[in-house]
Amino acid sequence: MPLKLDVKRKLLARSDRVKCVDLHPSEPWMLASLYNGNVHIWNLEMQLLVKTFEVCDLPVRAAKFVPRKNWIITGSDDMQIRVFNYNTLERVHILEAHSDYIRSIVIHPTQPLMITSSGRYCFINTLL
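If you're matching positions, the sequence shown starts at 10 in my numbering and goes up one per residue.
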């Protein structure tokens with residue numbers, strides 16, 4: 010039996026290829042990481058782009074909100090993990106963690122743990 014969804018609202022915008030999306034748990038924000046190295050924050054209620062910033066010159070394949078710290082964590086094809094304050098867009102931390110493209114980031118909901126993965130292994134960090 011096919012799944013049927015009742016779409017109430019649609020956000021449509023032209024951009025470079027979107028590699029990852031994340032939703033903020035308490036704000037009406039959607040995070041989109043792009044192939045061109047940028048990250049966009051959209052307000053879903055107003056359907057407006059509210060913030061944009063450049064992470065690097067290569068694709069940003071993974072990005073996550075960390076609301077308890079007001080952070081966005083990104084993983085990109087330059088094999089670096091970057092942490093930004095999403096209010097000021099200031100870079101807070103940078104880590105060289107992998108020897109391959111960073112493809113996934115998971116943030117533990119209550120513990121100060123971040124897990125990132127590339128093609129060959131996972132990296133567990135207590136940076137949070």
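Glycine included, each C-beta is placed from N, C-alpha and C at the ideal position.
When the Cα atoms are used, what is the spatial distance from residue i to residue j?
{"i": "T83", "j": "I111", "result": "9 angstroms"}
{"i": "K17", "j": "P37", "result": "15 angstroms"}
{"i": "L12", "j": "D25", "result": "29 angstroms"}
Could you spell out where the beta strand (DSSP E) holding residue i opens and where it closes?
{"i": "E63", "result": "57–63"}
Tell me the DSSP secondary structure of residue i in three-state form.
{"i": "R77", "result": "helix"}
{"i": "N94", "result": "strand"}
{"i": "K17", "result": "coil"}
{"i": "M123", "result": "strand"}
{"i": "V128", "result": "Strictly speaking, residue 128 in this sequence is Gly, with Val absent from that position. Residue state, collapsed to three classes: coil."}
{"i": "L32", "result": "strand"}
{"i": "M88", "result": "coil"}
Buried or exposed for residue i, please, with buried defined as at least 16 other CB atoms from any protein chain shown within 10 angstroms of its CB.
{"i": "V64", "result": "buried"}
{"i": "M123", "result": "buried"}
Check: Counting pairs of beta carbons, one from the stretch 70–82 and one from the stretch 30–48, are three or more of them closer than 8 angstroms?
Finding: yes
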